[in-house]
Amino acid sequence: MEIKSQVYKRVVAVTVTGRVDSGTAGDLEKALSALANEAHNNIVLDLSGVEFLSSSGLRVLVTTLKGVRKVGGDVRLAQPSQRAIDAINLAGLDVLFKVFPDRESAIASY
Amino acid sequence: MEIKSQVYKRVVAVTVTGRVDSGTAGDLEKALSALANEAHNNIVLDLSGVEFLSSSGLRVLVTTLKGVRKVGGDVRLAQPSQRAIDAINLAGLDVLFKVFPDRESAIASY
Amino acid sequence: MPPTKTRPRLTLHSQSVPAQLGQLESLCNLVDLGARSSGFDDRTSYACQLAVCEAAENIILHGYRKKGGDIRVTTRSRPGELTVDIVDTAPPFNPTMLPPEEGWALTDPPVGGRGILIMRRVMDEIQYRRRGNRNILRMRKRVRPSKS
Amino acid sequence: MPPTKTRPRLTLHSQSVPAQLGQLESLCNLVDLGARSSGFDDRTSYACQLAVCEAAENIILHGYRKKGGDIRVTTRSRPGELTVDIVDTAPPFNPTMLPPEEGWALTDPPVGGRGILIMRRVMDEIQYRRRGNRNILRMRKRVRPSKS
Ligand SMILES: Nc1ncnc2c1ncn2[C@@H]1O[C@H](COP(=O)(O)OP(=O)(O)O)[C@@H](O)[C@H]1O
Ligand SMILES: Nc1ncnc2c1ncn2[C@@H]1O[C@H](COP(=O)(O)OP(=O)(O)O)[C@@H](O)[C@H]1O
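Chains as they are written, first to last, in the working numbering: chain A, 5 to 114; chain X, 5 to 114; chain B, -1 to 146; chain U, -1 to 146.
The structure is reproduced here in structure tokens:
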């Protein structure tokens, strides 16, 4: 798994690639909570390169969502891979996340 | 010349491609002032496909800039082609426009 | 004369790994092999990998916890059908006995409890048996042959 | 013995077009031909096209205005040097006499007046002559041969 983030004025775009399972979800959690600590609460998650997303990864997404929502933020998904979508849908969490077809529209939605 | 625009919540991204000279600048002016009339004042101009930009085109850019500035807006340039940059620099107008290396960062700068 | 009944070809894959999170990817690869042997497409294989990965993750985190142990995954592939056995020697746990998920409010989504839900949604059958000191979880996925 | 002085090869391109904005692209193509004949790279050619386009645009908009007329553009190319003559029969106008641009505030940028500025910044020389009823604007661009 690789995590890259691009901090903008009102939004931070986080690109997650590779395999997100219980072996790697901890790193994602650390990265996202570090951003939240710096008051980056409008998060765009670019999931275009996600090859595997288990419930441990989904747990991090939901935890982050709940955290930033408290301060008026959100977690929005940009161009999720079919595999990321399938995992989110199977877990019944698709109702939680706004999904955008590209990074640009996700960023501009804030 | 071709003009496409993508309206987002707080920003409108306008993509201009081809040749912008006195034969076509009028169309650009119309498109941009239509957006201003609809209160889209945070403009991102994607100039990546501009092949020619004469002073008539620059005039439209400056006119638009002055108009939207009055209401707190701005015109920011995304990934301008070398030819667009050269024209803007030769005309001494580079000091007026914030330039961003991609659409995403230009949009997120608002 | 009745047509000759030929049993469909059976392919087996099996691997035993130490109960460590770093082994999950290797188990996924095994499941992918099995899914391919059953003729499943990439998306169906991925769903099966997800389901098995969730089960194995639970065994590591909730079953063995910090204590060591092994997990054996065995796949049985027939055309259009994949059976996966997941065997461990952690304390008894029967995931099929868990009550179905309760509804939740959009304003307060559940942080966990997604794993068993995913297994149930992906698989057509899930059976649990306890044999001696072993938990045996059997999952089965069937795919209708597509008309091609 | 002094080295034999050979005059560099001269290439000419010339075109006359009606004074219409739709003709500007055609004039640009001519200038591009000339610039290539001088061995200029794409970027330098583009700068020359811009400068000539600005001059021609002014002749159409400020010179002939709504009245008709022609514009003739002639390029003379030598290696590393391009000379462009722009000839029209509109009322006399000498762009070289325009005072240099005054400074302006960032808060109130100038909307027009960029054309002659661009010509001056691109070209190494600009000469104006009036011959009979003709305005003759000569622009010259030189490029040092790059050490290759
Ligand atoms: N192999 C296991 N051994 C013991 N308990 C388990 C096992 N698998 C699941 N559980 C229990 O069932 C619960 C639900 O599991 P699951 O749906 O995978 O969600 P999560 O693991 O995110 O809590 C777990 O929290 C755990 O208490
Ligand atoms: N060929 C011409 N004939 C008459 N007036 C001209 C001509 N060219 C330029 N001018 C005058 O010089 C001014 C400056 O020209 P220029 O720098 O190209 O800017 P712009 O055309 O945008 O005003 C013009 O506004 C016009 O008044």
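Just so it is clear, CB atoms sit at the ideal spot from N, CA and C, and this is done for glycine as well.
field: C-beta neighbour in chain X for Val82 (chain U), strict 9 angstroms
entry: no
Burial state of Asp129 (chain U), where buried means 16 or more other Cβ atoms lie within 10 Å: According to the sequence displayed, residue 129 (chain U) carries Arg and not Asp. Classification of Arg129 (chain U): exposed, given that the 10 Å Cβ count is below 16.
message: So with CB distances below 7 angstroms, who are the chain D contacts of Glu52 (chain B)?
response: Among the protein chains in the structure shown, which are A, X, B and U, there is no chain D.
- prompt: Just the Cα atoms here: how many angstroms apart are Val11 (chain X) and Tyr114 (chain X)?
  reply: 14 angstroms
query: So, is Pro98 (chain U) buried or exposed, given that buried needs 16 or more other C-beta atoms within 10 angstroms?
result: exposed
For Phe101 (chain A) and Gly37 (chain B), the rounded distance between their alpha carbons: 33 angstroms
message: Beta-carbon within less than 6 angstroms of Val85 (chain U)'s beta-carbon, same chain only, minus the 5 sequence neighbours each way: which residues are those?
response: Arg70, Arg132 and Ile134
- prompt: With a Cβ-Cβ cutoff of 9 angstroms, do Leu8 (chain B) and Arg74 (chain B) count as a contact?
  reply: yes
- request: Please report how far the alpha carbon of Gly20 (chain U) lies from the alpha carbon of Arg76 (chain U), in whole angstroms.
  value: 29 angstroms
query: From this set, B:Thr87, B:Arg118 and B:Asp83, which residue's C-alpha is nearest Thr94 (chain B)'s C-alpha?
result: B:Arg118
query: Comparing the CB of Asp39 (chain B) with every heavy atom of ligand 1, is any distance shorter than 8 angstroms?
result: no
query: Since Ala82 (chain X) sits in a beta bridge, which residues does DSSP pair it with?
result: X:Asp50 and X:Phe104
message: Let me check you understand the geometry: is the CB of Gly77 (chain X) closer than 8 angstroms to at least one non-hydrogen atom of ligand 1?
response: no
- prompt: Is the beta carbon of Pro16 (chain B) less than 9 angstroms from the beta carbon of Gly66 (chain B)?
  reply: yes
- prompt: Taking C-beta to C-beta, are Leu57 (chain X) and Ile7 (chain X) nearer than 9 angstroms?
  reply: no
task: Note down, in chain order, all residues in the region 80 to 99 of chain A with a beta-carbon under 8 angstroms from any beta-carbon belonging to chain B.
output: Gln86, Arg87, Asp90, Ala91, Leu94, Ala95, Gly96, Leu97 and Val99
query: Can you list, in chain order, the residues of its chain whose CB lies under 8 angstroms from that of Gly61 (chain U), leaving out five sequence neighbours each side?
result: Ala17, Gly67, Asp86, Ala88, Pro89, Phe91 and Asn133
task: Name the one or two DSSP bridge partners that Met137 (chain U) has.
output: U:Val82 and U:Ile124
message: Tell me whether the region 105 to 122 of chain U and the region 53 to 73 of chain X touch, counting them as touching only if at least three CB pairs, one residue from each stretch, are closer than 8 angstroms.
response: yes
message: Quick check: is the beta carbon of Ser26 (chain A) nearer than 9 angstroms to any beta carbon in chain X?
response: no
Per DSSP, cross-strand counterpart(s) of Thr9 (chain B): B:Ser75
- request: Assuming Lys139 (chain U) contacts Cys46 (chain U) (C-beta within less than 8 angstroms), just tell me the rounded distance between them.
  value: 5 angstroms
Local conformation of Lys64 (chain B) per DSSP, three classes: coil
message: I want to see whether chain B comes within less than 9 angstroms of Leu62 (chain A), judged by CB atoms only; does it?
response: yes
N-terminal and C-terminal residue of the alpha helix (DSSP H) that Gln47 (chain B) is part of: Asp40 to Asn56
- prompt: Which residues have a Cβ closer than 5 angstroms to any heavy atom of ligand 4, listed in chain order?
  reply: Summarising the ligand content, the structure contains ligand 1 and ligand 2 and does not contain ligand 4.
task: Enumerate in chain order the residues of its own chain whose CB-to-CB distance from Ile116 (chain B) is below 8 angstroms, with the five nearest sequence positions on each side excluded.
output: Leu48, Ala49 and Glu52
- prompt: Tell me, which residues are paired with Lys8 (chain A) by DSSP?
  reply: A:Thr19
message: Any beta carbon of chain X sitting closer than 9 angstroms to that of Ala112 (chain A)?
response: yes
query: For the region 19 to 52 of chain U, which residues have a beta carbon sitting closer than 8 angstroms to at least one beta carbon of chain X?
result: Leu19, Gly20, Leu22, Glu23, Cys26, Arg41, Tyr44, Ala45, Gln47, Leu48, Cys51 and Glu52
query: Is Pro16 (chain U) helix, strand or coil by DSSP?
result: strand
field: Host alpha helix (DSSP H) of Ala88 (chain B) (start-end)
entry: Neither: Ala88 (chain B) is in no alpha helix (DSSP H) and is coded neither H nor E.
task: Within the same chain, show all residues whose beta-carbon is closer than 7 angstroms to that of Arg34 (chain B), passing over the 5 residues directly before and after it, in chain order.
output: Ser43
query: What residues of chain U sit near Val66 (chain X), judged by a beta carbon separation below 7 angstroms?
result: Pro107 and Val109
In DSSP terms, what Ile69 (chain B) is bridged to: B:Val15 and B:Asp86
message: Can you pull the chain A neighbours of Val15 (chain X), defined as C-beta to C-beta under 7 angstroms?
response: Ala112
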